[in-house]
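What follows is a short report on a single structure.
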């Protein structure tokens, strides 16, 4: 049973033996390509920025677009180009290691290798400058990473992918023990987490810088994603982008401040401003474009200053002429106003006098007293005089008392004549005597009465001779007598035209009866005092100067165009790359039981499992002038010869095993580690 199992196991090993023949052929082709593409080695090589594009061909639908990636391999910088096809100069160490690992994987697992990544050519910088239009990018799908068999590492991979890390799959690694496997998984987990944290920091640096720049108005264009395996280079790229965006913001603000200052000055000078939109610029030409715009604004402002001066001169000339004309007309207006005022006063006075004339009741009265003595001799002559108040009609009648020798006394009669004056509306008046009031009579004795007859009588009568008042005395004492009587008059009416007077009209009789009687009459005369006013002589006003002045039409000011500088800056996503691989613990070889078919004289020790270690190249090498791949070619040739020898021996072993199985062949000693001792 054990022999059958052993034969079956050997048969499987025989099946995989063909890979030992194919592997050297693959190695030979790869190393030949490396030798043809060899280049000079330098000490402290300057890292040449190259953008890499990985095109992974998957067995999906043919319509699925090929994903293009920019891969930055160690010791290589990235140069932004516009073509999606670029050349990658791979790191020698990584290339050799990758090749060795792929051969090992093919030898142990028998699986087919993945497609070799295509290396596109590099575009020149001139193409990058000319191609500015952004093309829509196909939605990039995150490739799934096969489980590694370690949950913590798988979770770290998922977290890394969720945070944008590009996680690649590497061939399975075989270690001698579980402890080594756990250690390897832990190291991978730490590396993935460290890459994730670095990716977060990079994303934050770029996103914060982009957001801040956009808030400040910078037009940020997103360009092709750049991928890095070196965290420090990726972080430097992010910081460089942040600094570039900050510089773009600073330059844009300075350019717009320059424009804003020019606009404010132009506004202060009265220049109208027109919004001209925006000017797209780069960091290099933003200030130059701003200065050109400022020069344009200042030129318009200067031109407007000349226009305003011409407008001001024309306006000043017009205003001076208008001021002179206005002053002249103002003087004429003032004179005319004075004339109008005087004319109005004269006209108002005339109108007032005319109304007073038409409706006036002005009346002048004249009162007189006449006496007739019986004896006109000088020594017996007496007198009587009267006074009248024109406003009230009160009168005073005074007479003397003569005894033939002396004036022995004097008598005074007071009263009032009552009349009514009405206007006829045309200047004429109607005068009506209503009554006469007698107030009092006073006789004042001056000297003794020397006459023998002392029977003195003072009598007052109306026009009809009716006695109104009588006083009898001897003339030797003073007498005061109240009368207080009113005498009515009817139908005593006079119509008087303006300026017309009545005759002297008697209205009262006064008799002083003594030795020689004295007869007196009190008379009154009315005159219409209304006087028609004279038509006023009005002055003529002066005419104004009819000159018409047309104000000048001002020239329109030019508009200055204000534009805002918008700096266009570029930013690209930065993606870190890392790789994970499954880890397998190597199976320990089982020693088969000894058979009597063939017992060698000396035991043959089973060869240990061969492992291929990764070669490393020191980063800093002196310049040798030799081809880089010479040593590798020699080593590869030796390895190829060894592998070819193993393949030939394996084929011989297969034939022996087939002969043993059919009984045609006898057991022979073999030198391959696939043949065990005793078989």
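Residue numbers (the UniProt record's numbering): 1 to 679.
Glycine is no exception: its CB is placed at the ideal position from the N, C-alpha and C atoms.
Quick caveat: nothing in here was measured; it's all calculated off a predicted structure.
In the DSSP assignment, residue 296 falls within the alpha helix (DSSP H) that extends over 286–359. Remark: three or more beta-carbon pairs, one from each stretch, lie closer than 8 Å, so the stretch 179–199 and the stretch 153–163 are flagged as touching.
In this structure, the CA atom of residue 280 is about 6 Å from the CA atom of residue 565. Beta-bridge analysis with DSSP links residue 441 to 413 and 481. In this structure, the alpha-carbon of residue 459 lies about 47 Å from that of residue 533. Between residue 309 and residue 270, the C-beta gap is not smaller than 8 Å, which leaves the two residues out of contact. Around the beta carbon of residue 504, fewer than 16 other beta carbons sit within 10 angstroms, so the residue counts as exposed. Secondary structure at residue 474: coil, using DSSP grouped into helix, strand and coil.
The bridge partners DSSP lists for residue 419 are 433.
Residue state for residue 252 is assigned as helix, using DSSP reduced to three classes. Under the three-state reduction of DSSP output, residue 511 falls in the strand class. Per DSSP, the unbroken beta strand (DSSP E) holding residue 174 starts and ends at 173–175. Residue state for residue 367 is assigned as strand, using DSSP reduced to three classes. Looking at the DSSP output, residue 226 sits in a beta bridge with 574. Residue nearest to residue 536 within the set 293, 352 and 527 is 352 (criterion: CA-CA distance). Bounds of any alpha helix (DSSP H) do not take in residue 390, whose DSSP letter is neither H nor E. Counting along the chain, the unbroken beta strand (DSSP E) around residue 398 starts and ends at 394–402. In its chain, beyond the 5 residues on either side, 202, 228, 574 and 576 have a beta carbon closer than 6 Å to the beta carbon of residue 234. Setting aside the 5 residues that flank it on each side, residue 332 is surrounded in the same chain by 542 and 544, each with a C-beta closer than 6 Å to its C-beta; the list follows chain order.
When DSSP reads this structure, residue 525 sits in a beta bridge with 366.
In the three-state scheme derived from DSSP, where H, G and I count as helix and E and B as strand, residue 568 is classed as strand. In this structure, DSSP gives residue 142 a state outside helix and strand, which the three-state scheme calls coil. Using a Cβ distance threshold of 8 Å, residue 172 and residue 584 count as a contacting pair. Contact check for residue 412 and residue 421: beta-carbon distance about 28 Å, past the 8 Å limit, so the pair fails to qualify.
Take residue 497, set aside five residues on each side of it, and the residues of its chain with a beta-carbon closer than 7 Å to its own are 428 and 528, in chain order.
Cβ contact annotation for residue 146 (same chain, cutoff 7 Å, sequence separation greater than five): 169, in chain order.
For residue 494, the pairing in a beta bridge is given by DSSP as 431. The three-state secondary structure of residue 280, taken from DSSP, is strand. Residue 384 has 399 as its beta-bridge partners, per DSSP.
If you draw a straight line from the Cα of residue 470 to the Cα of residue 405, it is about 25 Å long. Distance from the CA of residue 322 to the CA of residue 549, rounded to the nearest whole angstrom, comes to 7 Å. Apart from the 5 residues on each side of it in sequence, residue 294 sits with its Cβ closer than 7 Å to the Cβ of 258, 259 and 262 in its chain, given in chain order. Residue 201 sits in a helix when the DSSP states are folded into three classes. Between the stretch 515–525 and the stretch 338–347, the count of C-beta pairs closer than 8 Å stays below three; the two stretches do not touch.
About 6 Å separates the beta carbon of residue 568 from that of residue 282, a gap short enough to meet the 8 Å contact definition.
Residue pairing from DSSP places residue 560 in a beta bridge opposite 273.
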